[in-house]
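Colleague: Yeah, the sequence shown ends on 187 if you go by the numbering used here, and it's all consecutive.
Below is the structure I would like to discuss, written out as structure tokens.
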Amino acid sequence: MKYQFTPRGVCSQKIEFELDGGKLKNVSFLGGCSGNLKAIGKLVEGMEADKVVSLLAGNTCGYKETSCADQLTLAIQKAQKEEAERG
């Protein structure tokens, strides 16, 4: 299923991705550091969502308390919760 998430406290304005059998696909960011965010999308393609969360949660960007990578983990967790509630 495809998900959209509006991050907070970072430069990117939107995160989109798909969860397919617990794996991430087609991760993309709108705005932010284009090269770095494209690289994150490529690196996490096909990875288990839980593994991505464990790797990237809590990552910060400069003086900010969060980062686009950290916001991705929040988006994944929200999507996982929605999937669990749907059963």
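Glycine residues also receive a C-beta, built at the ideal position from the N, C-alpha and C atoms.
Would you give the residue range spanned by the beta strand (DSSP E) that residue 164 belongs to?
Modeller: Sequence index remark: in the sequence shown, residue 164 carries index 64 (1-based). It is not in any beta strand (DSSP E) - residue 164 carries neither H nor E in the DSSP assignment.
Colleague: Please go through the same chain and pick out, in chain order, the residues whose beta-carbon is closer than 8 Å to the beta-carbon of residue 160, but skip the five residues on each side of it.
Modeller: In the sequence shown, counting from the first residue as 1, residue 160 sits at position 60. Closer than 8 Å at the Cβ level, and outside the excluded window around residue 160, lie 166, 167, 170.
Colleague: Please report how far the alpha carbon of residue 163 lies from the alpha carbon of residue 107, in whole angstroms.
Modeller: In the sequence shown, residue 163 corresponds to position 63, counting from 1. In the sequence shown, residue 107 corresponds to position 7, counting from 1. Computed Cα separation, rounded: 17 Å.
Colleague: Ordered along the chain, which non-local residues of its own chain (more than five positions away) have a Cβ less than 7 Å from that of residue 149?
Modeller: Your numbering for residue 149 matches position 49 in the sequence shown. Excluding positions up to five away in sequence, the list reads 119, 122, 123, 124, 176, 180.
Colleague: Buried or exposed for residue 156, going by 16 or more other Cβ atoms inside 10 Å?
Modeller: The count along the sequence shown starts at 1 and reaches residue 156 at position 56. With 16 or more neighbouring CB atoms inside 10 Å of its own CB, residue 156 falls in the buried class.
Colleague: Over the uninterrupted alpha helix (DSSP H) stretch that includes residue 118, give me the two end residues.
Modeller: Here the question's residue 118 lines up with position 18 in the sequence shown. Element bounds for residue 118: not the alpha helix (DSSP H) but the beta strand (DSSP E), 114-120.
Colleague: So what's residue 183 in DSSP terms, helix, strand or just coil?
Modeller: Along the sequence shown, read from residue 1 onward, the residue named residue 183 stands at position 83. The answer is helix: DSSP assigns residue 183 an H, G or I state.
Colleague: Rank 153, 183, 174, 186 by C-alpha distance to the C-alpha of residue 115 and give the top, closest one.
Modeller: Residue numbering aside, residue 115 sits at position 15 when the sequence shown is read from its first letter. The candidate whose alpha carbon is nearest that of residue 115 is 174.
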